[in-house]
Amino acid sequence: MRVLLAQNMPYRPGHGGATKSNRLLLEELAARGHSCVAVTRGEPGVRTIGGVEVFAEAGPRLPRLVREVAGAHEPDWVLVPSDDPGLMVLGSALRAAPERVVYLVHTLQQLPFGPRTFYPSGSGRRLVARCRGLVSVSRAARDYVREHGDLDSTVLYPHVYGSPPFPDLADMSGPVTMVNPCGFKGLPILLGLADARPDLRFRAVPTWGGLAPELATRPNIEIVPAVEDITQVLRGSRALLMPSLWDETFGYTAVEAMLHGVPVLAADVGGLREAMLGVPHLLPVNPIVAYEPQRPGEPYPRPAVPPQDLGPWLEALDRVDAALSARARAAATAFVAGIDPGALEKYLVNL
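For the sequence shown, the numbering used here assigns the number 1379 to the initial residue and increments by one for each residue that follows.
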């Protein structure tokens, strides 16, 4: 097969779950002998990464590049992720390759329909409906698309976790780690826990949400740079904090942490319920329900973050121990073993 990934986001580096999973899905197809190319947002140029020829373009030229590359490579399938404000890439893909577009449902807030959308659009929903197929990366995403878009999709869990063995990286005397501490992801809970437990160490890893100045005012919060290899972030952690205040589509980082023995304290929202695999602790939050207008240079509208109750989070943090680590690791190991790396290939062959 000839497969084109057309996405309105970078190819590499990519610290977000959607970016990483898209890349690994395409590179898995390339490793299986398929001809794979990608058109992505980034510094203009062409390079080969993991067996994939990657074309990058910045800003307004991206939709045109999608059409040009599709015309030159004549793909059997064009994969378009939902992280596409204005659906510019999706529209170009549908014009270039009618009946050959598969829509990858990642960030619910980027869909053009439903109560979580940042950019509601009836015409956008009709564009999505024109796709040959929809792939959701979780049951939560599938259910959302069905309920709010009246569209069917197939659940395929991306295999983003690497190959065994998966070393135990937990350290019950180490810091509590949080990736992407920003308003969307529950920054107030991290700050509140750090203030309430000055004897504990915390580790903050800023990514697309930016570096919150409040982090530097807490002496027990260490700020470390983001890296693509999540094991470097998890190594030596007592627990991973995931107090998201919006509906996560899944939660790859939760599974990755548990796979390496790091217990997870996660918000009881969206796809995080699914990603926790029945392992404690899912904890209550007051989710974001309102947003301020999006500002230039910011990835999304700014959230109006409501007050949070730290009580359940403090109690759960005090209960983190080696037994929870072992339970989390066993559940994640079984889950990852059940993921078929060739699931997308089979889906496309049979579509």
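C-beta atoms are modelled at their ideal positions from N, C-alpha and C, and glycine is treated no differently.
query                                                                                                                                                                                : result
Could you tell me which whole alpha helix (DSSP H) segments of length 4 or greater appear in the region 1629-1663?                                                                   : 1630-1637, 1650-1653
Using the three-state DSSP reduction, which class does Pro1690 fall into: helix, strand or coil?                                                                                     : helix
Mind checking Ser1615: buried by the 16 CB within 10 Å criterion, or exposed?                                                                                                        : buried
Taking the Cβ atom as the reference point for each residue, do Val1430 and Trp1455 lie within a distance shorter than 7 Å?                                                           : no
Kindly list the residues whose CB is nearer than 7 Å to the CB of Thr1418, restricted to its own chain and excluding five residues on each side of it in sequence; keep chain order. : Gln1385, Met1387, Pro1388, Tyr1389, Val1432, Ala1434
Looking only at C-alpha atoms, which of Val1533, Leu1443, Ala1475 sits nearest to Leu1722?                                                                                           : Val1533
Can you tell me which of the three DSSP states Gly1392 falls into?                                                                                                                   : coil
Give the straight-line distance between the Cα atoms of Gly1423 and Val1667, rounded to the nearest whole angstrom.                                                                  : 40 Å
Roughly how many whole angstroms lie between the Cα atoms of Pro1621 and Ala1645?                                                                                                    : 5 Å
Ends of the beta strand (DSSP E) at Thr1418?                                                                                                                                         : 1413-1419
Within a Cβ cutoff of 7 Å, which residues of the same chain sit near Arg1503, ignoring the five residues on either side of it in sequence?                                           : Pro1490, Phe1491, Gly1527
Kindly list the residues whose CB is nearer than 8 Å to the CB of Thr1746, restricted to its own chain and excluding five residues on each side of it in sequence; keep chain order. : One cannot answer for residue 1746 here, as it falls past the ends of the chain, which runs 1379 to 1729.
According to the neighbour-count rule (16 or more other Cβ atoms, all chains shown, within 10 Å of its Cβ), is Leu1589 buried or exposed?                                            : exposed
What residue range does the alpha helix (DSSP H) around Ile1567 cover?                                                                                                               : 1565-1574
Have a look at the DSSP bridge pairing and note the partners of Leu1382.                                                                                                             : Val1415, Val1456
Give me the Cα-Cα distance between Arg1517 and Pro1545, rounded to the nearest whole angstrom.                                                                                       : 28 Å
If you check the beta carbons only, do Leu1623 and Gly1689 fall under 7 Å apart?                                                                                                     : no
Should Asp1530 be labelled buried (16 or more other beta-carbon atoms within 10 Å of its own) or exposed?                                                                            : exposed
Please name the residue, chosen from Pro1476, Ser1514, Leu1465, that lies closest to Pro1498 on a Cα-to-Cα basis.                                                                    : Leu1465
Looking at C-beta atoms only, is the number of pairs between the region 1638-1654 and the region 1675-1688 that lie closer than 8 Å three or more?                                   : no
Quick check: Leu1643 and Ala1694, are their CB atoms within less than 7 Å of each other?                                                                                             : yes
Please list the terminal residues of the continuous beta strand (DSSP E) segment that includes Ala1582.                                                                              : 1580-1583
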